[in-house]
Amino acid sequence: MKKVLVVDDSLSVVRQLEKIISESGDFVCVGHAKNGAEAIKMNHSENPDIICMDMNMPGMDGLTALRTLSVMDKEVKVVMVTSLGGVGDKFTEALKLGAKNVISKPFETDNVLRILREL
Amino acid sequence: MAVKFFGQFLVEQGIVSRDALVNAIELQDQKNLKLGEMAVSMGYITQAEIERAHNAQMSKDMKLGDMLVEMGFLTLTQLNDVIIRQKNTHLYIGEALVQVGAISSENLQQHLADFKADQAKYVSDGIELPANIANSNIWEMTADLTYKMITRVLDLQFRPGKCVRSEVIAPNFMMAAMDFSGDLEARYLISVSEGLQQSIAKAILREESVEDEPSEILEDTVMEFVNVVCGNVAAKASQMGVILNINPPVTIHPPATGLPVPEGHTALSFPIHIGDGDQMEMILLIKN
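Sequence order for the protein chains is G and P. Going by my numbering, the first residue of the first sequence is number 923, and it counts up by one from there. Going by my numbering, the first residue of the second sequence is number 2, and it counts up by one from there.
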């Protein structure tokens, strides 16, 4: 099963994503981080296959962490999570920085799993 | 189930690849001239004049086109000509994807129709605000998206009450708020009774019971609902040409007397009737 790290400062988002991921049968959640800096540390310690990361977080935000991760670790696949997905500039910026896709909120379970399975 | 732009919809659906979309966006960046570039290409102004206008923008908050008119480099008629030319020659993302070979032009129409059907859920269908509210289209859209998210995300039956100007923010069990900045400044608030906080937590956490959840988590779910609504409002506003930035959500525990409306702000109250003694209200504090 592919290992997923969830990164979000909101505990309720972490809970939602962990539930969707763990109930899928294809993925296992290896932990969660609450900002970009923690995500970089946990990427090193947990070695996930996929990182689902919020764009806007206090401390190091998701796009800054994405920039670092795309240089440090060419293997890990990062998917950004945001309620701002529909703002074209944000979506484009995430893809240009190396994100594989963007998951919009509110979550649709089928959509989230399809995006993760296609990675 | 969110407000999207067409390119995002196609990538999410797996119709085009991420790399193809990035190529198409880069093609758009090359082909779609900015206002200043278009004015130069039409022979109305020089590059040096654009630079002078850019420098002037550092000390005065004004759009480039308006600045060029104010400084006498462009007439209003010329500015209109430039804007019309920009619109008429704009390379849209669908056409850009055809040009980079990601989709065929025959399929483009079908994809556009599917996208329109997906987003039809987010088209505003008439909310009445009190008279003389500036940018009323944005605030009507905000209320409309809130109602739609209550239905889709929270799965609650409700009846929206009439929107009124308010002198005080009525008390309730708790509120979650988010500030908009950018082209407009406002605070978005949702106030909920205790029972509704539980309903929101059940829907967000997808749990049958939330009785054992700590209050921190229950409050976080209301903030997350506000975050989802406001993010989608910002997305819809950007499609309407208005830039709204969102800031981290906060919770508020109002006193029994309610909260005063800050000076220089207009408060709009949108009562949301849910029944069973539960109270919900959406409030917009709009900076005048």
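Cβ atoms here follow ideal geometry from the backbone N, Cα and C, with glycine treated the same way.
Residue from the options whose Cα sits closest to the Cα of residue i
i	options	result
L28(P)	Y93(P), T76(P), S60(P)	Y93(P)
G981(G)	L988(G), A959(G), M964(G), V1001(G)	A959(G)
L245(P)	I253(P), A235(P), C231(P), P256(P)	A235(P)
D180(P)	G276(P), N228(P), D156(P)	N228(P)
N1023(G)	L11(P), D184(P), D156(P), E212(P)	L11(P)
Y148(P)	I191(P), V165(P), A171(P), E168(P)	I191(P)
I205(P)	I46(P), T152(P), V83(P)	T152(P)
Q58(P)	M72(P), T47(P), I46(P)	M72(P)
M63(P)	T252(P), P261(P), D184(P)	D184(P)
R937(G)	P249(P), A238(P), A202(P)	A202(P)
I247(P)	G1020(G), M964(G), V950(G), M977(G)	M977(G)
F1029(G)	E209(P), E220(P), V4(P)	V4(P)
E1040(G)	L269(P), E13(P), A238(P)	E13(P)
A178(P)	S200(P), V230(P), A121(P), Q120(P)	V230(P)
M1046(G)	D983(G), V928(G), S934(G)	This structure does not reach residue 1046(G), given that chain G is present from 923 up to 1041, and the question cannot be answered.
L1035(G)	S934(G), D930(G), E945(G)	E945(G)
K1018(G)	D20(P), I16(P), M241(P)	D20(P)
F174(P)	Q199(P), D30(P), P161(P)	Q199(P)
L197(P)	N81(P), P261(P), D279(P), E264(P)	D279(P)
Q31(P)	D145(P), L75(P), T90(P), G15(P)	T90(P)
M281(P)	L75(P), A171(P), N233(P)	A171(P)
E50(P)	K35(P), L75(P), I26(P), H274(P)	L75(P)
P250(P)	P261(P), V243(P), G232(P), D213(P)	G232(P)
K1027(G)	I253(P), G276(P), E225(P), T252(P)	E225(P)
K237(P)	S18(P), I253(P), N138(P), S194(P)	N138(P)
K925(G)	D995(G), E1015(G), T990(G), K999(G)	K999(G)
F7(P)	I84(P), A121(P), S60(P), K61(P)	A121(P)
Residues bridged to residue i (per DSSP)
i	result
L260(P)	I170(P)
T252(P)	A177(P)
A955(G)	V929(G)
M283(P)	I191(P), F271(P)
K924(G)	F949(G)
G276(P)	D279(P)
H266(P)	K288(P)
N1033(G)	DSSP lists no partner for N1033(G).
Residue range of the unbroken beta strand (DSSP E) whose run includes residue i
i	result
L92(P)	From DSSP, L92(P) is part of no beta strand (DSSP E); its letter is neither H nor E.
K1025(G)	The amino acid at residue 1025(G) is misidentified as Lys; the sequence shows Ile. Run containing I1025(G): 1023-1026, per the beta strand (DSSP E) assignment.
Run of the alpha helix (DSSP H) containing residue i, from where it starts to where it stops
i	result
L69(P)	65-71
I26(P)	19-32
I244(P)	It is not in any alpha helix (DSSP H) - I244(P) carries neither H nor E in the DSSP assignment.
L36(P)	36-42
L11(P)	7-13
A49(P)	48-58
Residue i Cβ short of 6 Å to the ligand GTP heavy atom set
i	result
G984(G)	The ligand GTP is not part of the structure shown, which contains no ligands of any sort.
message: Any C-beta of chain G within less than 9 Å: which residues of the region 32-48 of chain P qualify?
response: none
Beta strand (DSSP E) segments (min. 3 residues) lying fully within the region 162-223 of chain P: The qualifying runs are 165-167, 175-183, 187-193.
- request: List in chain order: all unbroken alpha helix (DSSP H) runs of 4+ residues lying wholly within the region 962-1021 of chain G.
  value: 984-994, 1010-1018
Entirely enclosed alpha helix (DSSP H) segments - the region 107-162 of chain P, minimum 4 residues: 137-153
task: Check each residue of the region 122-155 of chain P: if its Cβ is closer than 8 Å to any Cβ of chain G, include it; give the result in chain order.
output: Those residues of the region 122-155 of chain P placed with their C-beta closer than 8 Å to a C-beta in chain G are M150, R153, V154, ordered along the chain.
task: Report the residues of the region 198-217 of chain P with a CB closer than 9 Å to any CB of chain G, ordered along the chain.
output: A202, I205, L206, R207, E208, E217
task: Would you list, in chain order, the members of the region 957-987 of chain G that have their beta-carbon closer than 9 Å to a beta-carbon of chain P?
output: N978, M979, P980
task: Could you name the residues of the region 1003-1027 of chain G whose beta carbon sits closer than 7 Å to any beta carbon of chain P, in the order they occur along the chain?
output: T1004, S1005, L1006, G1007, G1008, V1009, G1010, F1013, T1014, L1017, K1018, K1022, N1023, V1024, S1026, K1027
message: Output needed in chain order: residues of the region 930-951 of chain G with a Cβ under 7 Å from some Cβ in chain P.
response: S932, L933, S934, V935, R937, Q938, K941
message: Can you pull out the residues from the region 161-188 of chain P whose beta carbon lies closer than 8 Å to at least one beta carbon of chain G?
response: Of all residues in the region 161-188 of chain P, none is placed with a Cβ closer than 8 Å to any Cβ belonging to chain G.
query: Taking Cβ-Cβ distances below 8 Å as the criterion, which residues of the region 2-20 of chain P are in contact with chain G?
result: M2, A3, V4, K5, F6, G8, Q9, V12, E13, G15, R19
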